[in-house]
Amino acid sequence: MPSKNGAHMTPESTPGPSNGVRRKAEEEELRLSKKPRTRVSYSCGECHRRKQKCDRQVPCSHCIARKVPELCKAYTPGKTDQDIHVRLARLEHIVETALPQYWVQGHTSGSPDFSSDRRRSISPGLEDGNRSQPEEEDPCGGMFESGRWFGKSASGSVAAPVVLEQLQHVEKLSAGDSISINQLPADIFHPESRLLSTLEPQNAADKLKLLISDYGFSPTKVPELINELPPRHLSTRLVDHYFSAVNWTRYPIPERDFRASYAAICAEGMMLNPNNIRFLPLLFVVLAISIRLAPEHVGGDERTRKVTSSRYYWSSRRALIIAAAIQPDCFEMVLTRMLSARFLILDRRMTESWNQLGAAVRTAQALGLHRDGADMGMDLVQVEKRRRIWSHLYHADRSIALVLGRPIAIQDVYTSTLPPSNVDDFATSDLRQPLPLTTPTLSTFMILRHTLAGIMGRMSHHFQQVRSASHYSDVLALDDELLKFMRSLPSYYAVDPDISLDQSHPYIPVHRFLLVTEILFVRISLHRPYLLRRLGSDRYLRSRKACFESALTDYRIRRAFLATTTKEARDPIASAYREFQAAMVSGIYLVLYPRGNDADSMHAVLDTFLKNHDQKELDETTRREVNIIQFLKDRSMQMAGAAGSDSTSNHKRVNVSANPLESPSKQVTFAPNHQVIPSSTAGPVLSNVPSLSITPVPTAGYAHPPARPPAIPHHMQAVESGSQSGTGSPPGGDVDSESTAQTLLDQWCNIFSGGPTDDSAGATSRLPWGTPGLADLSGWIPATSPIMGNDPLPGLDGSDWSYWESLVNQIRRASAQASPFGDSIIPTSRDMSKRPRSDPASSSGSDTAAPKKTRTIPPPPEPIPGPQANLTRILSWNVETPVPFLQLPPRKVGTSVAPGTRLSLLRDLLIRHDLPDFVCLQEVRARQTDKAWISALHNAANYHRKGGPKYSMYTALNQAKTGQRHFGVVTYVKDRERVAIAREVDWDAEGRVLILEMKSGWALVNVYALNGSEYMWRDLTLKSAPKTRNERKREFNRLLLQECRAMQERGLRLVLTGDFNISLTKRDCVPRLRTEHPHSLARKEFNDEFIPGLDLVDVYRALHGDRPAFSWFAKGKPQGADCARVDYALVERSLMDSVVDSTYFEDSTERGHSDHAPFILTLQDLHVLKAAPDPSILHLSAEPTSSNG
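Taking our numbering, I'd label the letters of the sequence shown as residues 2 to 1190.
Given below as structure tokens:
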């Protein structure tokens, strides 16, 4: 069919895509066949590049003016050496060849875009600048060149010469040339390559010549150092002894590399190759450690070994200065400084050791040891070698920092190096398949120690951080982590180990001893700052128990190890500071409990320490330690004798249980939830802690009365005046007397060893680092030495004696003042179960020989009745919001708090406190219409219940149908058969009062009172006129008073518990009590009308007097800085005979997310009351709130 234009279409001429493609191909072929037009350029290359008009002279005026006449060359369009894209491609080719490891990291061959990388560089796209994402960055985070590591922020003037130095070995490439990696020097990328070992052009020999010629360095220094080496046979013997008895114990160094370098040194003699000088300081320090720990037949007597080792150490220091001047940083320098720190510890020079180790860490970081070698493409042997050296430094840094109480140098956030692999010899073993930790090797100890070092670092952070307050809950969390680590140790390294491999693997018992004793030392160090705090309460009981039990366990392990090893095997692993700390804690135990149940074991610890150091030659530090331990032993024996004689004269023997929280027949173990619980099986810590009541030491034989309160040194006055606490012990009226002993102990540790202290006391309470002595202690030091009879008290001398005498007196004074009976060191719930009545027989004056100030021992307090005595335990807690332990959909929450973050929180709290009979929660923030919320509340108390009791729930909730969820109280009951009636009150629609009337004739009232303010309060039911919250608060109290009177008229005994939002006295509020109107009016009405009108008693104050306790803590402030006791139990006076105890749990772990602390009220025999309730109510029944609302 003809087309419109008259042309005929054939199949070949059918229009379509193929014709367009063919036409374009033909046009391209035609264009390429034409000879390109030659463009003539008259400008030089520089003027063309700068787009300037060239005057066509050679050189042109512009190049002359810019002082680059040599660059003025004729410009030829398309010339490869002046085409920017071709030049860039050639440079990329050079970099790819010279630095293949970095090219591969940025251009992975497996990537689909690899083939187009070079085209992308020739024709860069706009999106290239955004291709790099943070998660795609090089994991090593820097550049490792020539054995050195540079971070990404390194200055170009520092890091660039290293790259340029490599590029200079690449042959000049003309356009189109290629080069293979085989054309480069074989060792160009080796970390110790001589070609790339320095930024400067000189080698070691040139630098040594420069030192001699230009800087006045004596050419005889190196030969003199070589002459300091011992004779060949002795040095070889010492090297053999080091690698056979010392090297494998703590920080092993590669023996194969060391012996090769040692052979080279011996072969060169006096003509030492300058490149080998870097090994000389390492050799000297190895000789120093070896001869210090060598047996007498190798190194001579003790004095000779000490003098010779010091000489070798200082030779190592001199050699290190020379090596650092002529050679770059290397592994030998790291090992030298690390072993120097080890030698200084042996020499009891801990502060110098810290300095040397800091230099070792810096050198290691310069070598990139803090970045894992696997991320930098190194071979496995090199990676493992670097990991082991870094692991040594990691542990040494944390252990020395913990002993000195100084910050750590290695931060985990800047480190990616992994722990060593569990293989025997990293040079010959298969590093791709390391053994499990259950299979012991020489490396197992290093791996376990590396994990322990991580915990030690977190401990150091707790004691050293100053940006935020440190809380006692952090200590408990660290202690839980430490106990968990102890429980997870492989069986061959456990506290109670499997010793089946000890004979075939002789290193296992040594490594086990080092590891376990270090764990115990770390645990004592963690708890020692709380050892003597608040001796009159169990607030820090766990810390005291941890210290005492760790000291006894350490003694048991040391005694077993001593019985199976020789002195030569023990010397390389001696840890004097660990042994002294355990002995010091044992001595403090004996001061607290001279006749305690474990007194004999503690005396054995002191006797063993004194026996092990019964030598004529002692360094100054060891001599002072021995004198301190001897002093504590003598003073405790005097106290035990005085306490025994006084007890005999009174015909009474005080016998308090060994553990304030358990019966005498049970051992104790620590649960991971911070609660001390009775157990029939021993945990990691094996000993019980006695708390025997003792009498004060008589003062008749002293030249000065120790009971006289000493003046507080100026530098301690801040903490002793009641500064805010960050450890959970709020300041109060008795903080002075209960913290002075701990402050003195902390000051001593700061001066003597720099140990950690409780940072919550404030920086002003510490002595500055490096204090040469006891400078401002005149108020503590008595004018004359106390004398017992006619014999001087043995032990210390000078300021040491005076300091420890003052410390002992403060311990005795604080414990006597804190005890409600004047003698008990740690009052317990048993002590408070019944107030002791005076015993005429015991106070009739039979003890006429005792001084006037000596008080008679009261009869022992009645023990807490066991479960058979029908105890009733009531826990009360304002949860602030229950959302964290409720399983709710997010739309039901209505707050920023995520639901269900800790579903087991409430059930765990109940389990920790032995599943109380009644649990009263306030501020549950629920409405009566919230079916899902009510169901979640019911499930929270029974979360993952496994065989335990199931709680029933009663509620009084907000009656509003809309609006924010506020108010609401809930009471859980373990035995619902005890409840006759559960009811709300008709005058409250907010869910603030819930009453359970019991069949036995008493009523439990769960109260959440209003917090007064001048904001308006509106009745949800619109029955009452609007008024201020202060006015409603007083009205609420009057209505509650009327409700309670009505129950009393029916014969019910009252127990009120909850959040009353009123601090009753000044003792219940920090920093001050709100005395302004109208708060004072509400308090006055509550104290003068509500409590007397119902004849109620504040249980805690009735039992504990003025001892501070708080239930509300302001968020965002250090604990104890802003707090109040607004939650308490009020019991009808007729029920006080049934009251056993009332305890607040102020720890932040117990509070959880809430700003209120829970408390427990314990009563007994509520099923047998003298007056029965109105019989008319007993036929009624109370149905709990169902789980489905």
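Quick reminder that beta carbons are idealized off the backbone N, C-alpha and C, glycines included.
- Annotated as proximal: residue 880 and residue 925, with beta-carbon spacing under 8 Å.
- In the DSSP assignment, residue 991 falls outside any beta strand (DSSP E), carrying neither H nor E.
- Sixteen is the threshold: when 16 or more other Cβ atoms of the shown chains lie within 10 Å of the Cβ of residue 385, as they do, the residue is buried.
- DSSP places residue 1117 in no beta strand (DSSP E); its state is neither H nor E.
- In the displayed model, residue 1008 falls within a strand according to three-state DSSP.
- In the three-state DSSP reduction, residue 873 falls in the strand class (E or B).
- In the three-state reduction of the DSSP assignment, residue 472 falls in the coil class, being assigned neither a helical nor a strand state.
- Residue 622 places its beta carbon 8 Å or farther from that of residue 579.
- Inter-residue distance for residue 310 and residue 1158 is about 58 Å (C-alpha atoms, whole angstroms).
- Taking C-beta separations shorter than 6 Å and ignoring five residues to either side along the sequence, the partners of residue 1152 in its chain run 1158, following chain order.
- Under a 10 Å Cβ-count criterion, residue 429 is classified as exposed, with fewer than 16 other Cβ atoms of the shown protein chains found around its own Cβ.
- Runs of the alpha helix (DSSP H) lying entirely within the region 539-611, each at least 4 residues long, are 542-565, 568-571 and 577-593 in chain order.
- As computed with DSSP, residue 1164 is found in a beta bridge with 873 and 1140.
- According to DSSP, residue 920 shares a beta bridge with 876 and 973.
- For residue 581, same chain residues with a beta-carbon under 6 Å away, outside a window of 5 residues either side, are 626 in chain order.
- Cα atoms of residue 372 and residue 287: separation of roughly 27 Å, rounded to the nearest angstrom.
- In the DSSP assignment, residue 1058 forms a beta bridge with 1007 and 1130.
- Burial of residue 900 is indicated by the presence of at least 16 other C-beta atoms within 10 angstroms of its C-beta.
- The distance from the Cβ of residue 457 to that of residue 523 is about 6 Å, consistent with a contact at the 8 Å cut-off.
- Separation of the CB atoms of residue 999 and residue 971 is rounded to 18 Å, and the pair is thereby denied contact status at 8 Å.
- Residue 1010 sits away from residue 1064, with the two beta carbons spaced by 8 Å or more.
- A direct Cα-Cα distance of roughly 51 Å separates residue 938 from residue 444.
- DSSP places residue 508 within a helical segment (H, G or I) once states are collapsed to three.
- Residue 255 and residue 907 have their C-alpha atoms some 54 Å from each other.
- Under the three-state reduction of DSSP, residue 256 is assigned to helix.
- When the Cα atoms are used, residue 1056 and residue 1018 turn out to be separated by approximately 28 Å.
- In the three-state reduction of the DSSP assignment, residue 43 falls in the coil class.
- Under the Cβ criterion (8 Å, minimum of three pairs), the region 1082-1100 counts as touching the region 1043-1063.
- Between residue 1001 and residue 1033 a beta carbon distance of about 34 Å is seen, past the 8 Å cut, so the two are scored as non-contacting.
- According to the DSSP assignment, residue 954 belongs to the beta strand (DSSP E) that extends over 953-957.
- In the assembly as shown, residue 493 is a buried residue. Its beta-carbon has 16 or more other beta-carbons within 10 Å.
- Under DSSP, residue 1124 shares a beta bridge with 1071 and 1114.
- Between residue 1093 and the set 1075, 1043 and 1111, the nearest pair of CA atoms involves 1043.
- The beta carbons of residue 805 and residue 632 sit closer together than 8 Å.
- For residue 327, the enclosing alpha helix (DSSP H) stretches over residues 303-327.
- Of 967, 931 and 810, the smallest CA-CA separation from residue 882 is found for 967.
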